[in-house]
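Asks: Numbering (UniProt numbering), first residue to last: 1 to 136. We put the CB at the ideal spot given by N, CA and C, even for glycine. Have a look at this one.
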Amino acid sequence: MNYLHPMSKETALLYWDSILSEQVRLYIALLDGEITGTVQLHYSDKENGRHRAEVAKLMTSTKARRKGVARKLLQHAERAAKSDGKTLLLLDTEKEGPANLLYQSEGYVLFGEVPDFAQDAFGTFLAGNFYYKLIG
């Protein structure tokens with residue numbers, strides 16, 4: 001997701017090192033003792049943006065799809081952000097991706113679309129949708 005194929009070991013290590021930041025929260029979902037989903041919160045470290053967080057890397061395994069796992073992860077992330085004093089959540093996703101329906105059903109407001117926002121694993125440029133949700 002959001003990395004070109006094949007991903008180098010160096011790129012993978014840099015990514016996981018960045019997750020160790022105090023500004024990142026990572027949550028997982030377990031189904032029958034197996035990790036079936038994950039979501040991250042990235043807290044802004046800007047002085048004038050400490051009220052906001054970005055929802056990132058919400059994903060589920062194929063066996064967890066259509067079972068409410070992504071919705072529960074998103075709701076958990078929202079509660080955690082609110083508990084930490086955040087009042088605004090932001091996120092982006094592929095314009096044509098299935099997650100758009102989830103975000104809209106959970107009250108996220110679409111505020112823009114950017115063409116050629118990111119490349120998929122094989123280098124094809126994809127448009128991105130941007131959402132926000134006030135939780136304060």
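Grouping DSSP H, G and I as helix and E and B as strand, with all else coil, what is residue 42?
Replies: Translated into the one-based positions of the sequence shown, residue 42 becomes position 42. Reduced to three states, the DSSP call for residue 42 is strand.
Asks: Are the beta-carbon atoms belonging to residue 81 and residue 41 less than 8 Å from one another?
Replies: Looking up residue 81 in the sequence shown gives position 81. Looking up residue 41 in the sequence shown gives position 41. In contact: residue 81 and residue 41 (Cβ atoms closer than 8 Å).
Asks: For residue 113, name the three-state secondary structure that DSSP assigns.
Replies: Position 113 of the sequence shown holds residue 113. Strand, per DSSP.
Asks: Taking the straight line between their C-alpha atoms, what separation do you get for residue 51 and residue 24?
Replies: On the sequence shown, residue 51 is found 51 positions in, with the first residue counted as 1. On the sequence shown, residue 24 is found 24 positions in, with the first residue counted as 1. Roughly 14 Å separates the two Cα atoms.
Asks: With DSSP collapsed to three states, give me the class of residue 72.
Replies: Mapped onto the sequence shown, residue 72 falls at position 72. Here residue 72 sits in helix by DSSP.
Asks: Contact between the stretch 113 to 121 and the stretch 71 to 90 is defined here as three or more beta-carbon pairs at a separation below 8 Å; is this criterion met?
Replies: Cβ pair count under 8 Å is below three, so no.
Asks: Cutting at 8 Å between CB atoms, please list the residues of its own chain near residue 113, excluding the five before and the five after it.
Replies: The residue you call residue 113 lines up with position 113 of the sequence shown. Counting only Cβ-Cβ distances below 8 Å, and skipping sequence neighbours, we find 95, 127, 128, 129 and 130.
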